[in-house]
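Only one structure is covered here, and it is reproduced in the block below.
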Amino acid sequence: MLQHIIIDPSEQYNQYNLSNEDCSIERLEEEYIAEPDLEENDDTNKENVQFTKVFDLPSTPHRSQKHRNYKSRFYPVLTAGERLQEMSFKEEEQLRQQEERKRKAVERQEAKELPETEQKAKKEARLKKKLE
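full-length UniProt numbering applies: residue 1 is where the sequence shown begins, and numbers increase by one.
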């Protein structure tokens, strides 16, 4: 929006004691009609304000410590040696579980065979009694 300023040149010269050479239309237009500096009115160079400073957000919901499924979690930062030790412990644990499974499978097989052998022994005993 440009404003047209009507200036009487004689008043302008007398007011500032300027000579006719110092005052030109171009200079007056620059002073009074020119657009203001863009840097002063620049809205793009504002500081980045954090979202939490502008808005009051409710606190993050957390499960109550009294809840039956509550577990306080702790994630320690391990050194390389501790990580290796933990990995070897897990491998040993897996091997131990495999051995345990094998042992239980053998026990189940033996438990299945035991009644069969007992039944065979009983049948043989009955046959012997019949033969006598």
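Positions of the beta carbon are idealized from the N, C-alpha and C atoms, including for glycine.
Everything numeric in this text was worked out from a predicted model, so none of it was measured.
Query                                                                            : Result
Alpha-carbon to alpha-carbon, residue 47 and residue 27                          : 36 Å
Alpha-carbon spacing of residue 55 relative to residue 63, whole angstroms       : 24 Å
Three-state class that DSSP yields for residue 77 in the structure shown         : coil
Residue interval of the alpha helix (DSSP H) (run including residue 46)          : Counting along the chain, residue 46 falls outside any alpha helix (DSSP H), and DSSP gives it neither H nor E.
For residue 66, the first and last residue of its enclosing alpha helix (DSSP H) : Careful: residue 66 lies outside any alpha helix (DSSP H) and carries neither H nor E.
Residue 60, DSSP secondary structure in three states                             : coil
Beta-carbon spacing of residue 165, residue 78 below 8 Å                         : With the chain covering only 1 through 132, there is no way to say anything about residue 165.
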